[in-house]
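S.K.: Which chain is which? The protein sequence lines are A and B, in order.
With the first letter of the first sequence counted as 1, position 370 gets the number 430 in my numbering; the numbers rise by one all the way through.
With the first letter of the second sequence counted as 1, position 50 gets the number 75 in my numbering; the numbers rise by one all the way through.
Ideal Cβ placement from N, Cα and C applies to all residues, glycine included.
Shown below is the structure under consideration.
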Amino acid sequence: MATPRIGAFICHCGTNIGGIVNVPEVVEYAKGLPYVAHAEANLYTCSEEGISSIKRAIEQYDLNRVVVASCTPRTHQPLFRSACADAGLNPYLFEFVNIREHCSWIHREHHQEATEKAKELVKMGVAKARWLEAQQEFESDIYPAGMVIGGGIAGMSAALNLANQGFEVHLVEKEPGLGGRLLRLNRIFTIDKDPRELVENIVKAVGNHPRIRVHMPASVKAVSGYIGNFDVSVDEDGQETSFKVGVIIVATGAQVLKPELYGYGESANVLTQLDLEEKLKDGELGKFQNVVMINCVGARIPERPYCSRVCCMTAIKNAALMKEINPEAKVYLLYRDLMTYGVEFEQYYRDAKEAGVRFIRYTLDALPRVSGTESVEAVKVYDELMDMEIELPCDLLVLATPLIPNDDNEELSRMLKASTGDGGFFLEAHVKLRPVEFAMDGVYVAGTCRWPADIRESIAQGYAAASEAMIPLRQGLVKVEAITAVVDPRICKGCGTCTLVCPFEAAGLKECEIRGLEGKIVSEVNAALCKGCGLCAAACPNGAIQQRGFTDVELMSMVNAMSGKR
Amino acid sequence: MQKTKEIQTEFKPKILAFCCNWCAYAGADLAGVSRFQMPTDVRVIRVMCSGRVPPELVIRALANGLDGVMVLGCHPGDCHYSEGNYLTRRRAHILKRLLTYIGIEPERFQLRWVSASEGAKFSAVVKEVTDQITALGPNRWAEKR
Numbered sequence: 061m062a063t064p065r066i067g068a069f070i071c072h073c074g075t076n077i078g079g080i081v082n083v084p085e086v087v088e089y090a091k092g093l094p095y096v097a098h099a100e101a102n103l104y105t106c107s108e109e110g111i112s113s114i115k116r117a118i119e120q121y122d123l124n125r126v127v128v129a130s131c132t133p134r135t136h137q138p139l140f141r142s143a144c145a146d147a148g149l150n151p152y153l154f155e156f157v158n159i160r161e162h163c164s165w166i167h168r169e170h171h172q173e174a175t176e177k178a179k180e181l182v183k184m185g186v187a188k189a190r191w192l193e194a195q196q197e198f199e200s201d202i203y204p205a206g207m208v209i210g211g212g213i214a215g216m217s218a219a220l221n222l223a224n225q226g227f228e229v230h231l232v233e234k235e236p237g238l239g240g241r242l243l244r245l246n247r248i249f250t251i252d253k254d255p256r257e258l259v260e261n262i263v264k265a266v267g268n269h270p271r272i273r274v275h276m277p278a279s280v281k282a283v284s285g286y287i288g289n290f291d292v293s294v295d296e297d298g299q300e301t302s303f304k305v306g307v308i309i310v311a312t313g314a315q316v317l318k319p320e321l322y323g324y325g326e327s328a329n330v331l332t333q334l335d336l337e338e339k340l341k342d343g344e345l346g347k348f349q350n351v352v353m354i355n356c357v358g359a360r361i362p363e364r365p366y367c368s369r370v371c372c373m374t375a376i377k378n379a380a381l382m383k384e385i386n387p388e389a390k391v392y393l394l395y396r397d398l399m400t401y402g403v404e405f406e407q408y409y410r411d412a413k414e415a416g417v418r419f420i421r422y423t424l425d426a427l428p429r430v431s432g433t434e435s436v437e438a439v440k441v442y443d444e445l446m447d448m449e450i451e452l453p454c455d456l457l458v459l460a461t462p463l464i465p466n467d468d469n470e471e472l473s474r475m476l477k478a479s480t481g482d483g484g485f486f487l488e489a490h491v492k493l494r495p496v497e498f499a500m501d502g503v504y505v506a507g508t509c510r511w512p513a514d515i516r517e518s519i520a521q522g523y524a525a526a527s528e529a530m531i532p533l534r535q536g537l538v539k540v541e542a543i544t545a546v547v548d549p550r551i552c553k554g555c556g557t558c559t560l561v562c563p564f565e566a567a568g569l570k571e572c573e574i575r576g577l578e579g580k581i582v583s584e585v586n587a588a589l590c591k592g593c594g595l596c597a598a599a600c601p602n603g604a605i606q607q608r609g610f611t612d613v614e615l616m617s618m619v620n621a622m623s624g625k626r
Numbered sequence: 026m027q028k029t030k031e032i033q034t035e036f037k038p039k040i041l042a043f044c045c046n047w048c049a050y051a052g053a054d055l056a057g058v059s060r061f062q063m064p065t066d067v068r069v070i071r072v073m074c075s076g077r078v079p080p081e082l083v084i085r086a087l088a089n090g091l092d093g094v095m096v097l098g099c100h101p102g103d104c105h106y107s108e109g110n111y112l113t114r115r116r117a118h119i120l121k122r123l124l125t126y127i128g129i130e131p132e133r134f135q136l137r138w139v140s141a142s143e144g145a146k147f148s149a150v151v152k153e154v155t156d157q158i159t160a161l162g163p164n165r166w167a168e169k170r
């Protein structure tokens, strides 16, 4: 191994780091660390200027290791690694030090201590970098098929998109029919059409597609494997089916909250907006003289703080429809804030107002109150504009409740290793930069299982997830990060501890074929199966297994650097 | 007596935290993004799984004189590698007994679960463990030997 020549690049990140950590001081400190041949500060190391500065320094100072101290490897490691690669340096000779998320942002009032901490973190990164070795990535084939979970509008859009591009698709739907929640609606807002007009053609296209295999009613029972090679087992109408796919799209939708408020479930004339739609659709609803609707029921409250996004428009749609059915009816819509965020949406709201729907604002500290004996007969609400409580006669009360996560999200999340967020909705890899991908490679998300969305958004997300999923399918192979485990057969005693701890059956005992060691029973790690967790490396009693990029000596050198030992 | 107290209030512990890439490290990132302010005494080393941390590494850190070592992983059932954190949990039990046996306060080693969405929990753990280690005082194991 050539003598390490380490370059350290300390990022100001504008004022994010530079405003708290004394970056020039850290640079001076880095210059004095063992094997550091060059250290510099960058305003933004991730900018074009910063990247070319890394490349220039690699050449100018003959660097064979690069350390960047800036933000988090979870977002920026690929960028800096490729900068190294561009300059002819193996990308695994790069080490990341996090002095933003783990330092400046969390110690804003303690500039001196944050600076000392940043120095120490850089010292630890440099200590590890000294031991880094060049690595080659393993390439693994992608099985050219996808699974879409959920046959609602988002899932069907994704499935069609994948299939039309030439890939086999397994569509898994838990209900006995395709179409999802959309088919339970009466009308669709802004275009006021029967959803069947939209959905039926799509359902037909999916059902007749030669490359789409619909599993229905079916649920996913087990998923194992990784991007390109998932083994799926599905319970289809009591029968177990297994198949292989390369990518998975989750589009399982959401459910509507059934509230325990305003007499819902007790009085016959209290419905949710979805109940109302179903009754309207089935023609079960008579004429009403006094209709009151309440928005944000169970939403935007401390225990469920989010806005469900589709309910304002749904309420406006149904309020206008009640006026249409009976122009004499008095229709009141009690809201907290109206979210009519699209251009057509605002016009739709104005039209409802012109049609005679009355909008009254209420606040969380003065909730509407219902009264009546058998059923709800009146609703009292404090009217801000009139500065008094008014009483509205009521023979139909309709509650707009939020979409909430499906009950089986947790189970699915565990199977797919796809994270869920605070409320139980699925969580994408990055809120802005990776909106339809999970952190787990090869698994994607679309539609209301992520967050309340309307039809247009759900379709767009279905398409987006399908096109993201298509990238590995089209490429046909995926590069696996070179952090897999390797066995040194000279040290290995063939005890098999690694085979016991490996969750992926990647480690196995074999007769050694290497010259001089022929016939010795040793462990061997299959790089195609290894996920790079390092469990075997930690468990090996002889230190015969090393995880690339996280070797014993690399980790130990960081510990020693932190404790001031060489 | 007065003097010891003074030393104790000035004592700033050195704490190492091994964070798994998928949950705890992401939780620590989220704490940063959320600007949760916390004590400056903890340094994070990223590993892919909490199960990558061998006991030797923890013991070496404490023998070197670090005042505390944390291992932070995914919640049970949520391990990115299915069961790595179970291995960590079993190892931690034995390790604590071993630490007691060789004369290191077992509280100097802490195992906690922090998910990728638990930025607030990460900062709470950092505060809590920093307080605990500070209360224990400096790790004098190496000197005592």
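Sorted by chain position, which residues of the same chain lie with C-beta nearer than 8 Å to Tyr104 (chain A)'s C-beta, five sequence neighbours on each side aside?
M.R.: As a position in the first sequence, residue 104 (chain A) is number 44, starting the count at 1. So the list reads Cys71, His72, Cys73, Gly74 and Gly110, once near-sequence residues are dropped.
S.K.: Going by beta carbon distance, what residues of the same chain come within less than 6 Å of Ala147 (chain A), once the five residues before and after it are set aside?
M.R.: Taking the first sequence and counting its residues from 1, one reaches residue 147 (chain A) at position 87. Within the same chain, Ala147 (chain A) has close Cβ partners Lys115 and Ile118.
S.K.: What are the start and end residues of the beta strand (DSSP E) that includes Ile309 (chain A)?
M.R.: By one-based count along the first sequence, residue 309 (chain A) stands at place 249. Note, Ile309 (chain A): beta strand (DSSP E), Val307 to Val310.
S.K.: Could you please give me the residues that DSSP links to Leu457 (chain A) through a beta bridge?
M.R.: Here residue 457 (chain A) corresponds to residue number 397 of the first sequence, with the count starting at 1. Bridge partners of Leu457 (chain A): A:Val330 and A:Val352.
S.K.: Should Ala282 (chain A) go down as buried or exposed, given a rule of 16 or more other Cβ atoms within 10 Å for buried?
M.R.: In the first sequence, the residue the question calls residue 282 (chain A) occupies position 222. Looking at its Cβ environment, which holds fewer than 16 other Cβ atoms inside 10 Å, Ala282 (chain A) is exposed.
S.K.: Report yes or no: is there a C-beta of chain A within less than 8 Å of the C-beta of Glu41 (chain B)?
M.R.: Within the second sequence, residue 41 (chain B) is the residue found at index 16, counting from 1. The question names Glu, yet the displayed sequence has Leu at residue 41 (chain B). At least one chain A Cβ lies under 8 Å of Leu41 (chain B).
S.K.: Which same chain residues end up closer than 6 Å to Ile262 (chain A) when comparing Cβ atoms and leaving out the 5 residues on each side of it in sequence?
M.R.: Counted from its first residue, the first sequence places residue 262 (chain A) at position 202. Excluding positions up to five away in sequence, the list reads Met216.
S.K.: Taking 8 Å as the cut-off, does the region 519–536 of chain A touch the region 566–580 of chain A (at least 3 CB pairs, one atom from each stretch)?
M.R.: As far as the Cβ criterion goes, the region 566–580 of chain A does not touch the region 519–536 of chain A, which means the pair count is below three.
S.K.: Note down, in chain order, all residues in the region 571–596 of chain A with a beta-carbon under 9 Å from any beta-carbon belonging to chain B.
M.R.: Those would be Lys591, Gly592, Cys593, Gly594 and Leu595, in chain order.
S.K.: Give a yes or no on whether the C-beta atoms belonging to Gly206 (chain A) and Val305 (chain A) are separated by under 8 Å.
M.R.: Within the first sequence, numbered from 1, the residue matching residue 206 (chain A) stands at position 146. Within the first sequence, numbered from 1, the residue matching residue 305 (chain A) stands at position 245. Yes.
S.K.: DSSP three-state label for Lys115 (chain A), please.
M.R.: Within the first sequence, the letter at position 55 stands for residue 115 (chain A). Correct three-state label for Lys115 (chain A): helix.
S.K.: If you follow the alpha helix (DSSP H) that Trp166 (chain B) is in, where does it begin and where does it stop?
M.R.: Within the second sequence, the letter at position 141 stands for residue 166 (chain B). From DSSP, the alpha helix (DSSP H) with Trp166 (chain B) extends over Trp166 to Lys169.
S.K.: Please tell me whether Asn164 (chain B) has its Cβ less than 8 Å away from any Cβ of chain A.
M.R.: Start at 1 with the first residue of the second sequence, and residue 164 (chain B) comes out as number 139. By this cut-off, Asn164 (chain B) is not an interface position.
S.K.: Touch check for the region 168–185 of chain A and the region 269–285 of chain A: three-plus C-beta pairs under 8 Å?
M.R.: Touching, no.
S.K.: Answer yes or no: does any C-beta atom of chain B fall closer than 8 Å to that of Trp165 (chain A)?
M.R.: One-based indexing of the first sequence puts residue 165 (chain A) at position 105. Judged by the 8 Å Cβ criterion, Trp165 (chain A) is in contact with chain B.
S.K.: Below 6 Å CB to CB, which residues in the same chain sit around Ser327 (chain A) once its five sequence neighbours on both sides are set aside?
M.R.: By 1-based counting over the first sequence, the position of residue 327 (chain A) is 267. Only Ser435 and Val436 meet the Cβ criterion.
S.K.: Measuring only between beta-carbons, confirm whether Ile543 (chain A) sits less than 8 Å from chain B.
M.R.: Counting from one through the first sequence, the residue named residue 543 (chain A) turns up at place 483. Yes, Ile543 (chain A) counts as interfacial toward chain B.
S.K.: Rounding to the nearest angstrom, what Cα-Cα distance links Met276 (chain A) and Ala143 (chain A) in this structure?
M.R.: Indexing the first sequence from 1 puts residue 276 (chain A) at position 216. Indexing the first sequence from 1 puts residue 143 (chain A) at position 83. Taking the straight line joining both Cα atoms gives about 48 Å.
S.K.: What runs of the beta strand (DSSP E), each 3 residues or longer, lie entirely inside the region 358–431 of chain A?
M.R.: Here the runs fully enclosed are 390–395, 418–421 and 429–431.
S.K.: Is the CB-CB distance between Ala499 (chain A) and Ser479 (chain A) below 8 Å?
M.R.: Looking up residue 499 (chain A) in the first sequence gives position 439. Looking up residue 479 (chain A) in the first sequence gives position 419. Yes, they are a contact pair.
S.K.: With 16 as the cutoff for other CB atoms within 10 Å, does His230 (chain A) come out buried or exposed?
M.R.: Within the first sequence, the letter at position 170 stands for residue 230 (chain A). His230 (chain A) comes out buried.
S.K.: When the Cα atoms are used, what is the spatial distance from Ala223 (chain A) to Arg273 (chain A)?
M.R.: Counted from its first residue, the first sequence places residue 223 (chain A) at position 163. Counted from its first residue, the first sequence places residue 273 (chain A) at position 213. Roughly 10 Å between the two C-alpha positions.
S.K.: Quick one: residues in its chain with C-beta nearer than 8 Å to the C-beta of Leu139 (chain A), no 5 flanking neighbours on either side, listed in chain order?
M.R.: In the first sequence, residue 139 (chain A) corresponds to position 79, counting from 1. So the list reads Cys106 and Ile111, once near-sequence residues are dropped.
S.K.: I believe Gln607 (chain A) touches Ala599 (chain A) by the beta-carbon criterion, under 8 Å. Please report the beta-carbon distance rounded to the nearest angstrom.
M.R.: Position 547 of the first sequence holds residue 607 (chain A). Position 539 of the first sequence holds residue 599 (chain A). Between Ala599 (chain A) and Gln607 (chain A) the Cβ distance is about 11 Å, and since that is not below 8 Å, they are no contact.
S.K.: Specify the secondary structure class of Trp138 (chain B) as computed by DSSP and reduced to three states.
M.R.: Translated into positions along the second sequence, residue 138 (chain B) becomes position 113. Looking at Trp138 (chain B) - three-state DSSP - the assignment turns out to be strand.
S.K.: Could you name the residues of the same chain whose beta carbon sits closer than 7 Å to that of Ile158 (chain B), not counting the 5 residues immediately before and after it, in chain order?
M.R.: Start at 1 with the first residue of the second sequence, and residue 158 (chain B) comes out as number 133. Once the five neighbours on either side are set aside, the close Cβ partners of Ile158 (chain B) are Pro38, Ile40, Asp92, Gly93 and Arg133.
S.K.: Mind pulling the beta strand (DSSP E) runs of 3 or more residues that sit fully within the region 473–538 of chain A?
M.R.: Runs found: 503–505.
S.K.: Taking its Cβ as the centre, do 16 or more other Cβ atoms sit within 10 Å of Pro462 (chain A), making it buried, or is it exposed?
M.R.: Counting from 1 along the first sequence, the entry for residue 462 (chain A) is found at position 402. Counting Cβ neighbours within 10 Å, Pro462 (chain A) comes out buried, since at least 16 surround it.
S.K.: Residue range of the beta strand (DSSP E) that Pro465 (chain A) falls in?
M.R.: For the purposes of this step, residue 465 (chain A) is taken as residue 405 along the first sequence, with counting starting at 1. Taken as a continuous stretch (DSSP letters only), the beta strand (DSSP E) holding Pro465 (chain A) covers Leu463 to Pro465.
S.K.: Report the residue from A:Asn586, A:Ser164 and A:Arg190 whose alpha carbon sits nearest the alpha carbon of Leu123 (chain A).
M.R.: The sequence position of residue 123 (chain A) within the first sequence is 63, counting from 1. Here the closest residue by C-alpha is A:Arg190.
S.K.: Using a beta-carbon distance below 8 Å, is His162 (chain A) in contact with chain B?
M.R.: To locate residue 162 (chain A), count along the first sequence from 1; it is residue 102. At least one chain B Cβ lies under 8 Å of His162 (chain A).
S.K.: May I ask you to verify whether the region 101–118 of chain B touches the region 546–564 of chain A, counting CB pairs closer than 8 Å and requiring at least 3?
M.R.: The region 101–118 of chain B is in contact with the region 546–564 of chain A.
S.K.: Secondary structure at Tyr95 (chain A), three-state DSSP: helix, strand or coil?
M.R.: Residue numbering aside, residue 95 (chain A) sits at position 35 when the first sequence is read from its first letter. The answer is coil: DSSP assigns Tyr95 (chain A) none of H, G, I, E or B.
S.K.: Any beta carbon from chain A within less than 8 Å of Phe24 (chain B)'s own beta carbon?
M.R.: Outside the shown range of chain B, which is 26 to 170, sits residue 24 (chain B), and nothing can be said about it.
S.K.: Provide the residue span of the beta strand (DSSP E) that contains Tyr50 (chain B), from first to last.
M.R.: If you number the second sequence from 1, residue 50 (chain B) lands on position 25. Unbroken run through Tyr50 (chain B) is the alpha helix (DSSP H), Ala49 to Val58; no beta strand (DSSP E).
S.K.: Just grab the DSSP bridge partners of Gly67 (chain A) for me.
M.R.: Along the first sequence, read from residue 1 onward, the residue named residue 67 (chain A) stands at position 7. Answer by DSSP bridge pairing, in chain order: A:His98 and A:Val126.
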